[in-house]
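In what follows, a structure is listed as structure tokens, so that the remarks can point back to it.
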């Protein structure tokens, strides 16, 4: 959205709107901008929620695990979690055969992984990266 449209939407003049936007970017509240892509139209029909348990938690194994996670484009998100498992991943693949190959070639080769449990998404009911932010105080 252009600054002019944003200012109009917020009932502000353009210069103060631009200043606020720049301040939000400079303070790191706005980290960047992205286009929202339709994964299905891109041929990524499978989404899996993968729970991983690991036996190794030393610094070297953790660093290598994180490096692999960060460079693997099929892994959209990875969270270190509490509970039975150590990590929760969100993974996309073209189809079940592609997902199976991904599990064999990538997930099973991660350092220290002792357990992999996958839950496949049957229907995506809500997907958003919008945070529940109220209007910022002046």
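Residue numbers (the UniProt record's numbering): 1 to 138.
Note that CB positions come from ideal geometry on N, CA and C, so glycine has one too.
The distance from the Cβ of residue 111 to that of residue 61 is about 4 Å, consistent with a contact at the 8 Å cut-off. Bounds of the beta strand (DSSP E) holding residue 51 are 46-54. For residue 122, the three-state secondary structure derived from DSSP is coil. Within a 10 Å sphere around the beta-carbon of residue 58 sit fewer than 16 other beta-carbons, which makes this residue exposed.
The alpha-carbon separation between residue 37 and residue 20 amounts to approximately 28 Å.
Contact between residue 28 and residue 94 fails: their C-beta atoms lie close to 35 Å from each other, not under 8 Å. Take residue 121, set aside five residues on each side of it, and the residues of its chain with a beta-carbon closer than 6 Å to its own are 47, in chain order. The C-beta separation of residue 17 from residue 113 comes to about 48 Å, leaving the pair out of contact by the 8 Å criterion. The beta carbon of residue 10 sits closer than 8 Å to those of 17, all from its chain and outside the five residues before and after it, given in chain order. Counting only residues of its own chain and dropping the five nearest sequence neighbours on each side, residue 92 has a CB closer than 7 Å to the CB of 39, 44, 46, 47, 74 and 76.
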